[in-house]
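Visitor: Residue numbers (the numbering used here): 10 to 595. All C-beta atoms in this analysis are idealised placements derived from N, C-alpha and C, irrespective of residue type, glycine included.
Okay, structure coming up:
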């Protein structure tokens with residue numbers, strides 16, 4: 010997929026965009042401003058990454074095992090996800106979940122009782138199923154005590170966890186597009202908008218919880234949307250009148266401004282990332298921004314049309330991320346749309362030119378802009394019947410049957426107009442080097458050569474493995490009770506060699522060299538040493554949608570007699586590296 014930049018007009022982005030951030034302790038006003046700009050740039054790309062969070066039921070969580078070791082406590086987190094003991098804001102609420110701390114596939118737990126040891130500091134407002142609502146009352150530390158029935162044994166277990174309550178001292182308000190002047194940005198009248206916010210202590214410690222928003226408005230042109238549980242954004246409903254609304258912090262001198270405009274004021278269009286590339290045979294999304302006085306309109310729902318002017322190279326229409334169409338009440342988008350997304354299908358290599366129009370812009374006369382993006386193929390090397398392809402994430406190597414559209418094998422067969430054979434497989438969500446051959450007689454020989462070849466992957470993981478865990482020699486196999494693979498004593502020999510290429514405290518970029526070729530070997534070994542892949546949904550408990558997929562890229566392949574090029578980093582992988590403070594240098 011091309012760069013998935015989107016003004017974040019629903020909540021859920023922050024699990025990704027704010028997973029890595031510097032503290033603000035001792036920062037000057039200018040440094041606070043620079044940090045705000047950095048956060049906004051991160052958030053602009055994060056909605057697609059957070060689609061699974063909001064609509065698919067997955068979220069990033071901070072978790073810890075209880076004091077007695079019987080239960081695991083966790084809550085949805087968008088800041089410092091590795092730190093469970095972030096303080097709850099006085100006046101805020103936090104939904105805390107419990108599950109069995111055991112290692113079985115069924116970790117369900119049902120709360121029978123939940124209390125705190127000091128209701129003057131925090132109280133349990135309610136509990137049901139596996140969750141409880143904790144409300145911060147006054148500053149201090151407290152203990153949550155629970156009883157829960159675990160599905161694995163049917164027994165009721167007791168456990169406890171310690172938490173904190175604090176009064177926030179710093180408020181950060183930002184926008185999801187580029188801000189101007191006095192931290193101001195344009196929005197469209199009548200829309201429901203999302204203002205990113207963050208609460209901290211003076212030392213930079215994040216303060217969490219929902220329902221407490223230390224902000225005052227100077228106008229009735231915007232009203233707070235009640236009942237929201239998000240910890241990352243404040244939702245406001247804008248009126249139909251134009252004007253400016255100033256948001257003022259009640260705990261420090263932070264302000265932000267919402268400039269309310271109408272569609273007929275739109276006077277220009279900007280392609281969010283002019284460096285995007287479209288993959289041949291793929292349908293990808295790019296993002297465009299409407300402009301008012303050369304400033305971006307945040308979270309625009311303005312009507313757009315998009316058409317290809319090079320139909321032999323590409324098809325173009327307004328689009329929407331797949332998770333939106335499947336999970337939201339969004340009208341079907343064909344010739345017109347209202348999201349800012351443009352869907353481009355690469356049909357042939359060359360320059361894809363297209364027009365984007367906001368028909369209500371320029372006082373109703375319409376505003377049109379023309380753009381051009383290259384359509385490029387995925388083939389990195391072709392010689393002696395070998396086809397080496399840079400597989401995009403989200404595309405299976407082969408389908409369930411030969412003629413199944415959407416698989417890489419099928420796309421190659423369409424391109425070459427002949428049978429093509431895969432000689433090794435990558436997981437659907439793993440990107441990178443995938444090897445095919447053009448003749449059946451080559452399949453066996455190349456399959457054997459692939460076993461002898463040196464395969465190296467790039468992986469982004471949670472935490473930083475220490476030197477003693479970089480060589481993993483642990484057998485793996487299918488574990489029926491867990492319904493997934495894992496390390497087992499009588500499994501198949503599995504050996505992985507890791508190197509730390511870069512680290513940023515909570516995350517690391519690894520090179521992983523396979524010395525055996527077991528299914529999900531890298532993913533299983535990283536889970537085993539306590540450093541699961543970022544974006545991992547199967548080999549991490551609880552799963553965390555910190556990235557759109559597991560961050561695993563088949564980077565390098567050494568085959569005797571062939572100079573094999575490295576697979577360039579896909580854009581989503583490079584973006585995650587940047588947002589987590591990691592760098593990659595070949």
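Tell me whether residue 559 is buried or exposed, calling it buried when 16 or more other Cβ atoms sit within 10 Å of its Cβ.
Guide: By the 10 Å Cβ count, residue 559 comes out buried.
Visitor: Tell me which residue opens and which closes the beta strand (DSSP E) that residue 519 is part of.
Guide: Residue 519 -> beta strand (DSSP E) spans 516 to 523.
Visitor: So, for residue 89: in the same chain, excluding its five sequence neighbours on each side, which residues have a beta-carbon less than 7 Å away from its beta-carbon?
Guide: Closer than 7 Å at the Cβ level, and outside the excluded window around residue 89, lie 95 and 215.
Visitor: Would you say residue 250 and residue 383 are within 8 Å of each other, going by their C-beta atoms?
Guide: Their beta carbons are not under 8 Å apart, which means residue 250 does not touch residue 383 by this criterion.
Visitor: Could you have a look at residue 348 and say whether DSSP puts it in helix, strand or coil?
Guide: Residue 348: coil per DSSP, three-state reduction.
Visitor: Please report the straight-line C-alpha distance between residue 156 and residue 168, rounded to a whole angstrom.
Guide: Roughly 7 Å separates the two Cα atoms.
Visitor: Would you kindly work out how many angstroms separate the C-alpha atoms of residue 593 and residue 404, rounded to a whole number?
Guide: Roughly 24 Å between the two C-alpha positions.
Visitor: So for residue 275, helix, strand or coil by DSSP?
Guide: In this structure, residue 275 counts as coil in the three-state DSSP scheme.
Visitor: Leaving out five residues on either side along the sequence, give the residues of the same chain with a beta carbon under 6 Å from the beta carbon of residue 47.
Guide: Residue placement at residue 47 is poorly supported in this model, since its pLDDT is 35, which falls under 50; the coordinates still yield a value, given next. Within the same chain, residue 47 has no close Cβ partners at all.
Visitor: For the pair the segment 163 to 182 and the segment 254 to 268, tell me if three or more CB-CB distances fall below 8 Å.
Guide: The segment 163 to 182 is in contact with the segment 254 to 268.
Visitor: Looking only at its chain, what residues have a beta carbon closer than 6 Å to the beta carbon of residue 377, apart from the 5 residues adjacent to it on each side?
Guide: These residues qualify, in order along the chain: 364 and 366.
Visitor: Please report the straight-line C-alpha distance between residue 533 and residue 435, rounded to a whole angstrom.
Guide: The alpha-carbon atoms of residue 533 and residue 435 are separated by roughly 15 Å.
Visitor: Excluding the 5 residues flanking residue 577 on each side, which residues of the same chain have their C-beta closer than 8 Å to its C-beta?
Guide: Same-chain partners within the cutoff: 399.
Visitor: In this structure, does DSSP put residue 239 in helix, strand or coil?
Guide: Residue 239: coil per DSSP, three-state reduction.
Visitor: Please determine, among 433, 409, 391 and 456, the residue with the shortest C-alpha to C-alpha distance to residue 425.
Guide: Among 433, 409, 391 and 456, the Cα nearest to that of residue 425 is on 391.
Visitor: Taking Cβ positions, are residue 117 and residue 139 nearer each other than 8 Å?
Guide: Contact: yes.
Visitor: Apply the 10 Å Cβ neighbour rule to residue 102 and answer buried if 16 or more other Cβ atoms are within range, or exposed otherwise.
Guide: By the 10 Å Cβ count, residue 102 comes out buried.
Visitor: Among 547, 85 and 348, whose alpha-carbon lies nearest the alpha-carbon of residue 311?
Guide: Measuring from the Cα of residue 311, the nearest candidate turns out to be 348.
Visitor: On the DSSP bridge assignment, give the partners of residue 205 in chain order.
Guide: Bridge partners of residue 205: 242.
Visitor: Quick check on residue 585: buried or exposed, where buried means 16 or more other Cβ atoms within 10 Å of its Cβ?
Guide: Counting Cβ neighbours within 10 Å, residue 585 comes out buried, since at least 16 surround it.
Visitor: What does residue 122 pair with, by DSSP beta-bridge criteria?
Guide: DSSP lists 156 as partners of residue 122.
Visitor: Going by alpha carbons, who is nearest to residue 393 out of 454, 371 and 352?
Guide: Minimum Cα distance to residue 393 is reached at 454.
Visitor: Determine, using beta-carbon pairs with one atom in the segment 443 to 458 and one in the segment 468 to 479, whether at least three such pairs fall under 8 Å.
Guide: They do not touch, by the three-pair rule.
Visitor: Do you know whose CA, among 111, 358, 380 and 124, lies nearest residue 282's CA?
Guide: Comparing Cα-Cα distances from residue 282 to each of 111, 358, 380 and 124, the minimum goes to 380.
Visitor: Quick one: grab the DSSP three-state call for residue 342.
Guide: At residue 342 the pLDDT is 37, less than 50, meaning the model places this residue with poor confidence; the figure from the coordinates comes in the next sentence. The answer is coil: DSSP assigns residue 342 none of H, G, I, E or B.
Visitor: With a 10 Å radius around its C-beta and 16 neighbouring C-beta atoms as the bar for buried, classify residue 461 as buried or exposed.
Guide: By the 10 Å Cβ count, residue 461 comes out exposed.
Visitor: For residue 372, which of helix, strand or coil comes out of DSSP?
Guide: Residue state, collapsed to three classes: helix.
Visitor: From 490, 158, 538 and 556, pick the residue whose C-alpha is nearest to that of residue 507; which is it?
Guide: Comparing Cα positions, the closest option is 538.
Visitor: Taking the alpha helix (DSSP H) that residue 456 falls in, what are its first and last residues?
Guide: From DSSP, the alpha helix (DSSP H) with residue 456 extends over 452 to 461.
Visitor: Could you tell me the boundaries of the alpha helix (DSSP H) in which residue 582 lies?
Guide: That run of the alpha helix (DSSP H) goes 580 to 588.
Visitor: Between the alpha carbons of residue 265 and residue 313, how many angstroms are there, rounded?
Guide: The alpha-carbon atoms of residue 265 and residue 313 are separated by roughly 28 Å.
Visitor: Just the C-alpha distance for residue 452 and residue 568, rounded to the nearest angstrom, thanks.
Guide: Between residue 452 and residue 568, the C-alpha separation is close to 15 Å.
Visitor: Look at the alpha carbon of residue 223 and the alpha carbon of residue 173, and state the distance between them as a whole number of angstroms.
Guide: Straight-line Cα distance between these residues: approximately 19 Å.
Visitor: If you count every other CB in all the chains shown that lies within 10 Å of the CB of residue 580, and 16 or more means buried, which is it?
Guide: Residue 580 should be labelled buried.
Visitor: Who are the near neighbours of residue 144 in its chain, counting only those whose CB is closer than 7 Å to its CB and skipping five residues on each side?
Guide: Here the set comprises 102, 131, 132 and 134.
Visitor: Could you give the first and the last residue of the continuous alpha helix (DSSP H) run that contains residue 425?
Guide: Start and end: 417 to 425.
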